[in-house]
Amino acid sequence: MADLLVRSVPARLMERLKAQAQRNGRSVQKEALAVLEAGTQLTMEEWLERADRTRELLKAQGYSGDSTAMIREDRDTR
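If you count by the numbering used here, then the sequence shown holds residues 116 to 193, one letter each, in order.
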């Protein structure tokens, strides 16, 4: 893993980052990593891989991709 050093961070920005980290229950370092990750876009290949993993996870949990049965069940139980 690589290291990243950011110099000359304005005091107000650092205060906001610290406050955000505290609100999210994370260290400043972990919060900064979360902000960097959220601010960078996935490549199309990464996005498709993530979508495939999500579909596999949902399938493993029994979701078929067709919500008709769930809608009928919800409607019939009311």
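All C-beta atoms, glycine included, are put in the ideal place defined by N, C-alpha and C. These numbers were taken from a predicted model, which means no experiment stands behind them.
Find the nearest neighbour of residue i within the set the options, judged by alpha-carbon distance.
i, options, result
"Asp118", "Leu148, Leu173, Arg138", "Leu148"
Is DSSP giving residue i helix, strand or coil here?
i, result
"Thr155", "coil"
"Asp181", "coil"
"Thr192", "coil"
"Gln176", "coil"
Is the CB-CB distance between residue i and residue j below 9 Å?
i, j, result
"Leu157", "Arg165", "yes"
"Arg170", "Gly154", "no"
Practice task
Report yes or no: do three or more beta-carbon pairs, one from the stretch 142 to 158 and one from the stretch 125 to 133, lie closer than 8 Å?
Solution key: Yes: at least three Cβ pairs fall under 8 Å.
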